[in-house]
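Scroll down for the structure; my scribbles are underneath it.
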Amino acid sequence: MPRYKLTVEYDGRPFCGWQRQSNGPSVQAVIERALKAFTGEAVTIGGAGRTDTGVHATGQVCHADLSKPWPVKTIMGAMNFHCQPDPVVILGVEEMHEGFDARFSAIRRSYRYRIHNRLPPLTHQLGLAWHVKPELDADAMHAAAQEFVGHHDFTTFRHSRCQARSPEKTLEEFSVSREGEFVIAECSSRSFLHNQVRSMVGTLRLVGEGKWGPGDITRALQARDRKACGPVAPADGLYLTRVDYRSVEIDIELLKDWQRRKAVMEAEEDGEA
57 MPRYKLTVEY DGRPFCGWQR QSNGPSVQAV IERALKAFTG EAVTIGGAGR
107 TDTGVHATGQ VCHADLSKPW PVKTIMGAMN FHCQPDPVVI LGVEEMHEGF
157 DARFSAIRRS YRYRIHNRLP PLTHQLGLAW HVKPELDADA MHAAAQEFVG
207 HHDFTTFRHS RCQARSPEKT LEEFSVSREG EFVIAECSSR SFLHNQVRSM
257 VGTLRLVGEG KWGPGDITRA LQARDRKACG PVAPADGLYL TRVDYRSVEI
307 DIELLKDWQR RKAVMEAEED GEA
């Protein structure tokens with residue numbers, strides 16, 4: 057059964073998030089609907105990460121197992137036809153090896169947050185960026201953002217209903233820069249906590265307005281208390297931009313190791329019976 061990697065772009069505004077849910081439309085449901093219309097099969101896809109309601113993506117990744125091989129151009133063309141009229145697009149399709157998993161093979165996820173920093177209301181960027189009226193000091197925000205880089209307990213910066221086993225994460229990089237009227241925040245990590253990026257960006261806004269300094273970020277981290285977090289940024293400006301993966305060789309070796317361990321456990325169970 058061939059496995060395919062799909063790189064996905066979507067506008068998150070109409071959706072209750074990536075994951076299929078009973079209470080509203082999801083990106084996963086759109087893709088699975090398109091796969092069924094194309095192949096006639098009921099396919100459950102695996103995603104690299106679960107984006108929340110209203111969060112966008114320019115580089116989300118999922119995998120799908122089909123019953124027979126198809127040319128990747130055929131899959132991409134058919135998927136983009138059947139995803140209409142929903143704002144979901146398949147940017148690329150690759151046939152993958154057996155050990156690839158969109159979620160578990162990932163070694164890094166990257167997000168971008170867009171702040172439209174101007175006084176007039178938004179028109180074209182409405183729902184696609186966070187509108188912040190006071191002028192922000194992007195350099196000060198960048199300097200303060202470095203307090204987040206490294207391995208920390210991010211209890212302060214995760215949603216109270218976050219289901220992650222541990223609040224500890226290693227943030228690889230975090231940059232903030234100005235591009236005209238926009239302030240762009242970009243960060244990368246192997247994985248993130250629920251609402252972590254939006255919590256950090258919302259807190260950095262306080263720095264950009266001159267209300268907080270880098271020391272306040274450090275104290276908020278050390279507090280390990282959700283109450284110490286600044287206002288959480290809205291979903292509008294958040295984009296999942298890229299997912300990086302380990303090598304094919306490592307994936308295959310890990311799969312073989314799992315198969316060996318599984319065989320040993322099954323043999324032991326048979327012996328006990």
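Counting from 57, one number per residue, gives the positions in the sequence shown under our numbering.
Even glycine gets a Cβ: it sits at the ideal position worked out from N, Cα and C.
According to DSSP, which residues form a beta bridge with residue i?
| i | result |
| --- | --- |
| SER234 | Correcting the residue type first, residue 234 is Arg in the shown sequence and not Ser. Beta-bridge pairing links ARG234 to VAL239. |
| GLU229 | SER244 |
| GLN116 | VAL64 |
| SER166 | SER244, ARG298 |
| GLY102 | HIS119 |
| TRP186 | ILE171 |
| ASP209 | GLU224 |
| GLU151 | TYR60 |
| ILE146 | VAL64 |
With a 10 Å radius around its C-beta and 16 neighbouring C-beta atoms as the bar for buried, classify residue i as buried or exposed.
| i | result |
| --- | --- |
| GLN219 | exposed |
| THR130 | exposed |
| GLY266 | exposed |
| LYS225 | buried |
| VAL299 | buried |
| LYS312 | exposed |
| HIS180 | exposed |
| ILE306 | exposed |
| VAL304 | exposed |
| ALA329 | Its pLDDT being 42, under 50, ALA329 is placed unreliably in this model, and the coordinates cannot settle the point. |
| LYS61 | buried |
| ASP195 | exposed |
| PHE248 | buried |
| ASN79 | exposed |
| PHE156 | buried |
Whole-angstrom Cβ separation of residue i and residue j, contact assumed at under 8 angstroms?
| i | j | result |
| --- | --- | --- |
| ARG282 | SER231 | Not confirmed; about 25 angstroms, so no contact. |
| LEU294 | TYR169 | 5 angstroms |
| THR63 | LEU147 | 5 angstroms |
| ILE308 | PHE204 | With 8 angstroms as the limit, ILE308 and PHE204 do not qualify as a contact, their Cβ atoms being about 35 angstroms apart. |
| HIS172 | GLU237 | 6 angstroms |
| ILE87 | ARG302 | Not a contact, Cβ separation roughly 24 angstroms. |
| ALA158 | GLY115 | Not quite, the Cβ-Cβ distance comes to about 12 angstroms (not below 8 angstroms), so this is no contact. |
Among the options, which residue has its Cα nearest to the Cα of residue i?
| i | options | result |
| --- | --- | --- |
| ARG280 | ILE163, SER222, ALA134, GLY266 | SER222 |
| ARG59 | GLU97, ALA90, PRO141, MET152 | MET152 |
| GLY264 | LEU277, GLU154, GLY286, LEU249 | GLY286 |
| PHE213 | GLY236, GLY80, VAL253 | VAL253 |
| GLN52 | VAL188, LYS124, THR259, VAL144 | Only positions 57 to 329 of the chain appear in this structure, which leaves residue 52 out of reach. |
| ASP193 | HIS250, ALA134, LEU262, PHE156 | LEU262 |
| ARG165 | TRP126, PRO127, ALA104, TRP186 | ALA104 |
| ARG106 | ALA284, GLN278, ASN251 | ASN251 |
| ARG76 | ASP67, THR100, LYS124 | THR100 |
| MET57 | GLU228, PRO125, PRO81, GLY271 | PRO125 |
Kindly confirm or deny that the segment 303-318 and the segment 198-208 touch, where touching means at least three C-beta pairs closer than 8 angstroms. no
Quick check: the segment 88-105 against the segment 131-140, are there 3 or more CB pairs under 8 angstroms? yes
Could you tell me whether the segment 70-89 touches the segment 107-122, where touching means 3 or more Cβ pairs closer than 8 angstroms? yes
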